[in-house]
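Working notes, structure below.
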Ligand code: FPP
Ligand code: MG
Ligand code: MG
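In structure tokens, the structure reads:
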């Protein structure tokens, strides 16, 4: 890379990998069904921020600076991440159910000039047709594949999320549920997860498989926590001290009661304790729905690089802090942005009944808001009252401050890595998560 490039765009140090990302993903998601191809490639066609792959690639590059002598974990497998000879896959066909091959090509594949015969069945490609994996940058093929996998998981979750959130737009276009129906959006998300799982298995690294599988489960758990602030419990009532921490842990018994965790203040508990519990619930949910993927992809990148345990743990913490910062900023932008600015519906959380950081900060100052939060702002005027309270008590500014703290922690985690252009780019990325407007 010419030096001037690095100054104008610090991310250009992985631009080679980033520009191949969509093409590689396209080769992983081809199916024999033309409509499925259209739905599952839909969100990849509109340029997303690709934050997660960018983290994988930059972190992988930054980890290269660690001297060979300081690596203990060895990823003993070879670099074959694409093909297992014993895996037959579905038969390659030139026509399926009367469609010509042209009908079957996914739009993404067309964009990237991928051969339909290959994309129809990515699992049955002969070895010699595989794109040669070049070692530019020293980023390992498995780390590049990891970048593709995490974007696939993320995109699957967005397809599902837009169904759940009744969203009508994403990335400046109609969301998948609107463009194709709920059913197809859900199925395409499942399909992406299935293909991601194949790619995960082929990394042939049990720890990484475990990390990524856990993250898929965590996304669902986070979404479930958000869905209704619901907890599964065998207890008949809301825990009587109103503290989220005392909600009974899963007992392994079949839950007999599904009830909502309410933030309404039981008289016996002081307000501050209640607000603390709600923040704890919010942060745990935020970890599961956003920071889990970022922390575990960071850890996986480090595991694949052969880094020592303390470095691996530090990368994990980096991803965790960055992910928390990222989602807290997202929740803040919901209050401050317009639909056009963020390419999706804004001012949506309160209408969805969601109590995120800005309103929790306002609640701390005005206990009566607890009732509105508990009834999910569903009575006339609730949303307006809540919005005004957020303004009055600087909910947005306090939320920004909270995000800033996680940003600082993420930067501290990065400082453990040896200095490099890649580390500088990660620092820039971390800071820009805080200052982003979309
Ligand atoms: C966006 O949040 C959504 C997520 C971060 C995760 C959604 C997870 C699921 C729907 C669980 C299913 C998971 C898989 C892997 C299929 P948001 O709604 O706050 O943000 P938005 O404004 O971008 O919609
Ligand atoms: Mg959502
Ligand atoms: Mg959403």
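Numbering (full-length UniProt numbering), first residue to last: 46 to 483. From the three backbone atoms N, C-alpha and C, an ideal C-beta is built for every residue, glycine too.
Distance from the Cα of residue 111 is smallest, within the candidate group 248, 357, 218 and 238, for 357. Between the region 327-347 and the region 248-257 there are three or more C-beta pairs closer than 8 Å, enough to call the two in contact. The closest CA to that of residue 244, considering only 215, 267, 191 and 227, is found on 191. At a threshold of 7 Å, residue 206 counts as near ligand 2, since its beta carbon sits closer than that to one of the ligand's heavy atoms. About 6 Å separates the Cβ atoms of residue 89 and residue 70, confirming a contact at the 8 Å cut-off. Per DSSP, residue 236 is one residue of the alpha helix (DSSP H) stretching across 227-246. Judged by DSSP secondary structure, residue 373 falls within the alpha helix (DSSP H) whose first and last residues are 354-381. Counted as a single uninterrupted DSSP element, the alpha helix (DSSP H) harbouring residue 326 occupies residues 316-331. At a threshold of 7 Å, residue 202 counts as near ligand 1, since its beta carbon sits closer than that to one of the ligand's heavy atoms. About 14 Å separates the beta carbon of residue 369 from that of residue 326, a gap too long to meet the 8 Å contact definition.
Within the same chain, 264 come within 6 Å of residue 202 by CB-CB distance, once the 5 residues on both sides are set aside. An exposed status is given to residue 433, since fewer than 16 other beta-carbon atoms sit within 10 Å of its beta-carbon. Counting along the chain, residue 61 sits inside the alpha helix (DSSP H) bounded by residues 60-73.
Here residue 470 has 55, 56, 58 and 103 as same chain residues with Cβ atoms under 7 Å from its own Cβ, once five neighbours each way along the sequence are excluded. By the CB criterion at 8 Å, residue 431 and residue 404 fall inside the cutoff. A check of alpha carbon separations from residue 60 across 458, 100, 398 and 86 identifies 100 as the nearest. Below 8 Å, too few C-beta pairs join the region 63-79 and the region 211-220 to call them touching: fewer than three. Residue 454 is not a Cβ neighbour of residue 462, given a cutoff of 8 Å. Its chain contains 56, 95, 98, 99 and 102 as the residues whose beta carbon lies nearer than 8 Å to that of residue 63, once the 5 sequence neighbours on both sides are disregarded; these appear in chain order. In terms of Cα proximity to residue 411, the closest of 319, 229, 227 and 253 is 319. Inter-residue distance for residue 427 and residue 253 is about 45 Å (C-alpha atoms, whole angstroms). Take the alpha-carbon of residue 236 and the one of residue 385: they are about 30 Å apart. Here residue 454 is not bridged, per DSSP, to any residue. Distance from the CA of residue 399 to the CA of residue 205, rounded to the nearest whole angstrom, comes to 17 Å. With a threshold of 7 Å, the Cβ atom of residue 212 counts as near ligand 3, since some heavy atom of the ligand is closer than that. With a cutoff of 8 Å on beta-carbon distance, residue 458 and residue 363 are scored as near each other. Closer than 7 Å to some heavy atom of ligand 1: that does not describe the Cβ of residue 184.
DSSP places residue 439 outside any alpha helix (DSSP H), giving it a letter other than H or E. When the beta-carbon positions are compared, residue 91 and residue 234 stay at least 8 Å from each other. Within its own chain, the residues whose Cβ lies closer than 7 Å to the Cβ of residue 208, once the five positions on either side in sequence are excluded, are 222, 227, 230 and 231, listed in chain order.
Shown here for residue 266: same chain residues with a beta carbon closer than 7 Å to its own, the five before and five after excluded, namely 333 in chain order.
At least one heavy atom of ligand 1 lies closer than 7 Å to the C-beta of residue 264.
The beta-bridge partner set that DSSP reports for residue 112 is empty. DSSP, read as helix, strand or coil, puts residue 463 in coil. The residue from 413, 75 and 406 with its alpha-carbon nearest to that of residue 443 is 406.
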